[in-house]
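Visitor:
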Amino acid sequence: MQETTGSEAAVRISREGEVGLVEIDNPPVNAASRAVREGLVRAIDALEADAQVKAIALYGAGRSFIAGADIREFGKPPAEPWLPEVCNRIEGCGKPVVAVLHGVALGGGLEVALAAHARIALPGTTVGFPEVTLGVIPGAGGTQRAPRLIGIPAAIDLVTSGKRIDAKRALELGLIDRIEDGAPREIAMRAAREALAGALPTRRTGELPITPDNEALAEAAERFRHARPHLFARERAVEALAATGLPFAEGLKRERALFFECIDSPQRAALIHAFFAERAVARIPEAGAPPRPVESVGVIGAGTMGSGIATAALLAGLPVILTERDAEGLERGRATIAQNLEGAVKRGKLTAERRDAILKEALTPTLDFGALGAADLVIEAAFEDMGVKRDIFARLGEVAKPGAVLATNTSYLDINEMAAASGRPEDVLGLHFFSPAHIMRLVEVVVAEKTAPDAVTTGFALAKRLKKVAVRSGVCDGFIGNRIMTHYRKAADYMLLDGASPSQIDAAIEEFGFAMGPFAVSDLAGLDIAWASRKRRAATRPAEERYVRVADRLCEAGMFGRKTGRGWYLHGEGVEGRVENPEMLKILEEERRAAGITPRHFTHDEIRRRYLLAMIAEAARVLEEGIALRPIDIDAVFLFGYGFPRHHGGPMHYADTIGAEGLITGMEELAREDAYFWQVPELLRRMAADGKRFSDMNDR
Ligand code: 3HC
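When we follow the numbering used here, the leftmost residue of the sequence shown carries the number 1, and every step to the right adds one.
#1: So who's on the other strand from Asp166, going by DSSP bridges?
#2: In the DSSP assignment, what are the bridge partners of Arg472?
#3: Look at Ile176 and Val112 and say whether their C-beta atoms are less than 9 Å apart.
#4: Can you tell me which of the three DSSP states Thr5 falls into?
#5: How about Met584 and Met615: do their beta carbons lie closer than 9 Å?
#6: Any chance you could list the beta strand (DSSP E) runs of at least 3 consecutive residues sitting entirely within the segment 250-332, in chain order?
#7: Could you check whether Ser422 and Ala525 sit closer than 9 Å to each other, using their CB atoms as the reference points?
#8: Alpha carbon to alpha carbon, what distance is there between Phe638 and Ala277?
#9: Going by Cα to Cα distance, which pick from Ser503, Tyr642, Arg608, Thr410 is closest to Ala515?
#10: Would you kindly work out how many angstroms separate the C-alpha atoms of Thr4 and Ser14, rounded to a whole number?
#11: From the DSSP secondary-structure annotation, give me the bridge partner or partners of Ala121.
#12: Alpha carbon to alpha carbon, what distance is there between Arg685 and Ile664?
#13: On the criterion of 16 or more Cβ atoms from any shown chain inside 10 Å, does Gln267 qualify as buried, or is it exposed?
#14: Taking the DSSP output, what are the residues bridged to His432?
#15: Once the 5 residues before and after Asp213 are set aside, which same chain residues still bring their CB inside 8 Å of it?
#16: Mapping DSSP to helix, strand and coil, what is Gly92?
#17: By the DSSP assignment, the alpha helix (DSSP H) with Gly109 in it spans what residues?
#18: With a threshold of 8 Å, establish whether the CB of Leu613 neighbours any heavy atom of the ligand 3HC.
#19: Report the three-state DSSP secondary structure of Tyr488 (helix, strand or coil).
#20: Got a sec, what are the start and stop residues for the alpha helix (DSSP H) Ile607 sits in?
#21: If you follow the beta strand (DSSP E) that Ile707 is part of, which residue opens it and which one closes it?
#22: Taking the C-alpha atoms as reference points, what is the distance between Arg600 and Ala655?
#23: DSSP three-state call for Ala242: helix, strand or coil?
#24: What do you get for Gln504, buried or exposed, if any count of 16 or more other CB atoms within 10 angstroms of its CB means buried?
#25: Along the beta strand (DSSP E) that carries Ile379, what are the first and last residues, could you check?
#26: Starting from Glu23, follow its DSSP beta bridges and name the residues at the other end.
#27: Within a Cβ cutoff of 8 Å, which residues of the same chain sit near Gly135, ignoring the five residues on either side of it in sequence?
#28: Let me know if Lys349 comes out buried or exposed under the rule of 16 or more other beta-carbons within 10 Å of its beta-carbon.
#29: What I want to know is whether the C-beta of Ile439 ends up closer than 8 Å to one or more non-hydrogen atoms of the ligand 3HC.
#30: Going by the CB atoms, is the gap between Ala420 and Ile379 shorter than 9 Å?
#31: Under a three-way DSSP split, which group does Leu570 fall into?
#32: Does the pairing of the segment 625-634 with the segment 567-582 give three or more beta-carbon distances under 8 Å?
#33: What separation, rounded to the nearest whole angstrom, lies between the Cα atoms of Ile509 and Phe644?
#34: Only counting the same chain, and skipping five residues up and downstream in sequence, which positions put a Cβ closer than 8 Å to that of Asp690?
#35: Express the C-alpha separation of Lys401 and Ala338 in angstroms, rounding to a whole number.
#36: Taking the alpha carbon of Ala492 as the reference point, which residue from Ala520, Arg203, Leu359 has its own alpha carbon closest?
Structure follows, in structure tokens:
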């Protein structure tokens with residue numbers, strides 16, 4: 001017998017003898033949408049009422065069991081039946097209910113499974129409670145049922161970390177009862193029969209006793225209280241786990257209340273925005289063009305960036321031809337790659353055998369530029385100088401095979417010029433990686449005037465293969481990220497000259513949630529990098545623009561940050577914590593005096609306000625000029641390339657929490673002291689007039 005539950009195709013019932021089968025089918029990932037929730041309740045109702053059915057089994061169609069609650073529904077009025085009710089209905093069923101998991105059973109998906117009376121997983125299954133990474137907690141009984149199966153300490157670990165574990169680990173913990181290979185439907189049939197025969201023990205998780213562990217709960221609560229305030233959901237998760245001390249039904253109520261506190265928090269909105277940002281950036285106008293096949297990659301330049309890019313490609317299983325101008329540089333690059341791979345071995349991402357095989361077979365270091373003719377895609381990561389790049393692209397245009405994609409990793413320079421030099425501009429684009437390139441997830445795919453659509457999709461496909469987040473950018477000085485950064489870095493320099501110290505600015509920005517403030521980053525990256533771009537721009541710098549010379553003077557004195565032991569701060573042995581470089585302070589004082597500035601006090605709030613307003617202003621211009629497709633693309637750039645705190649969702653999401661009018665008022669106020677720098681972008685004025693937010697522009 002085959003029937004569909006009412007109008008719901010999302011959950012199908014079938015019956016074979018004494019077994020009632022419930023198939024969840026809500027592509028692509030079987031999220032527990034309203035249709036699924038309704039379908040599950042109807043299925044249990046129908047099968048419980050069916051006298052012929054003696055046992056029930058749940059399983060998923062397609063890729064997964066259930067990927068969790070439908071997070072698109074968060075923030076909207078909750079639609080009944082709620083997931084906790086669905087779970088209670090399953091657990092309360094008078095007939096044994098078995099869940100068969102495959103693909104993923106995450107969050108609400110795992111909660112549905114925990115409400116069943118026994119759980120079997122296919123070998124490749126992943127389970128976990130990723131809720132805290134989305135700013136919520138398990139809200140359908142997860143915090144009450146999981147500890148009854150695996151104990152409080154393991155539940156604290158799972159629920160507060162958001163980590164995903166494999167079936168083997170889930171079995172060790174006791175979260176599932178068995179691992180079995182096969183088709184979910186067949187396993188479901190067998191398991192239900194075994195449950196009937198008593199060969200598969202069944203029980204209601206909510207009725208199991210729980211071993212209290214107040215010490216572990218107190219330790220976890222303390223840990224999150226002292227962590228930075230962005231861990232709102234983690235703190236609530238510990239509170240919910242502590243509610244296991246209450247009777248089960250009371251514990252569920254407490255969990256629910258805490259879940260709604262999280263749903264209402266701005267962190268939840270920001271974290272879910274970040275989740276969707278990672279996926280939204282793949283929607284590009286060129287999406288219809290099939291990417292060109294890439295089976296090998298060429299990298300020009302074996303410096304830090306070139307070696308990092310080569311490492312990323314090698315780790316993704318692509319053979320790499322690496323070329324340099326001289327043997328010494330080439331050997332240095334090979335050594336850096338070996339070191340990077342060693343790091344991957346240490347992190348457990350690579351076996352030592354695989355590393356050896358990669359170095360021996362997949363990496364081809366060569367001084368012969370012509371060898372690049374064998375690569376399907378070549379990435380130039382040579383010295384940041386237009387003359388050098390033009391020359392390389394002219395040669396590449398000749399040696400690269402027809403149809404090979406020619407990419408540059410330039411951070412600022414005009415890709416149209418390189419494209420023209422190659423003689424085959426349709427093949428040329430920017431693939432802008434971030435250092436360290438084998439670790440940082442962002443790649444800006446920079447589309448030049450004549451780049452062919454299938455070259456663009458090839459760039460996106462390569463980024464995906466490298467497990468990176470690709471964001472489409474147009475050509476301008478600095479593309480999306482560095483262009484915006486150059487602007488807000490100026491705001492930081494102005495505050496510096498006017499009275500704030502580097503450590504004060506860094507601390508204010510770190511309190512917002514950035515891992516490092518701008519001066520600490522500058523010391524880490526090397527002051528010489530930004531110095532080179534400032535020198536390049538010097539000739540075109542507008543006369544009205546305020547200019548702060550402190551960084552230039554540090555560079556002129558050979559103080560480039562960490563690599564020279566001195567920069568904004570002191571580095572090296574014996575230096576504990578952040579110690580400002582006394583020579584920097586002396587230069588700063590001289591520059592202040594020369595400009596006739598009496599240093600004034602900045603509060604941390606004031607520092608953050610100026611820094612973020614500058615970021616948002618330039619981001620609005622980048623959007624207005626069409627350099628970024630949508631506000632969410634800018635958010636992705638900053639989340640994945642610049643350490644923007646995920647719990648604030650990205651600069652554009654954050655800007656929406658202020659609103660266009662508030663932003664304009666803030667900028668106009670600052671324009672009274674520097675009208676040139678604090679110009680209000682036209683886009684913001686239009687948004688204010690139309691009552692629009694940046695998020696309204698994300699659908700295009
Ligand atoms: N709700 C709604 N949509 C979801 C979703 C969810 N839980 N999970 C994934 N999707 C969507 C994605 O946005 C994407 O949509 P798009 O194609 O329109 O961009 C599509 O499904 C496919 O997702 P991916 O591109 O991520 O596919 P992958 O195969 O790479 O990954 C996955 C699949 C592992 C399921 C991954 O999507 C994932 O980790 N999803 C989130 C899982 C999660 O966090 N679940 C917990 C939710 S909170 C909860 O359950 C609360 C409860 O306790 C009450």
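Virtual Cβ for every residue (Gly too), placed ideally from N, Cα, C.
Guide: Taking the coordinates as given:
#1: Thr126
#2: Val445
#3: no
#4: With a pLDDT of 38 at Thr5, under the threshold of 50, the modelled position of that residue is not reliable, and the figure given next carries that caveat. Reduced to three states, the DSSP call for Thr5 is strand.
#5: no
#6: 297-300, 320-323
#7: No; because the gap between Cβ atoms is not below 9 Å, this pair is not in contact.
#8: 11 Å
#9: Tyr642
#10: Here the model assigns Thr4 a pLDDT of 38, short of 50, so the residue's position is not dependable and the matter cannot be decided.
#11: Leu101, Ile179
#12: Each residue's alpha carbon lies about 7 Å from the other.
#13: buried
#14: Glu444
#15: Correct list, in chain order: Gly151, Ile152, Pro153.
#16: In this structure, Gly92 counts as helix in the three-state DSSP scheme.
#17: Gly109 -> alpha helix (DSSP H) spans 108-115.
#18: Leu613 has its CB no nearer than 8 Å to any heavy atom of the ligand 3HC.
#19: helix
#20: For Ile607, the enclosing alpha helix (DSSP H) begins and ends at 604-624.
#21: This structure cannot speak to residue 707, because the chain is shown only from 1 to 700.
#22: 27 Å
#23: helix
#24: buried
#25: 377-380
#26: Assignment of beta-bridge partners to Glu23 by DSSP yields Arg12, Tyr59.
#27: Same-chain partners within the cutoff: Phe232, Ala233, Cys262, Ser265, Gln267, Arg268, Ala269, Ala270, Leu271, Ile272, His647.
#28: exposed
#29: No - the ligand 3HC has no heavy atom lying nearer than 8 Å to the Cβ of Ile439.
#30: The Cβ atoms of Ile379 and Ala420 lie no closer than 9 Å to each other.
#31: strand
#32: no
#33: 10 Å
#34: none
#35: 28 Å
#36: Comparing C-alpha distances from Ala492 to each of Ala520, Arg203, Leu359 shows the shortest one belongs to Ala520.
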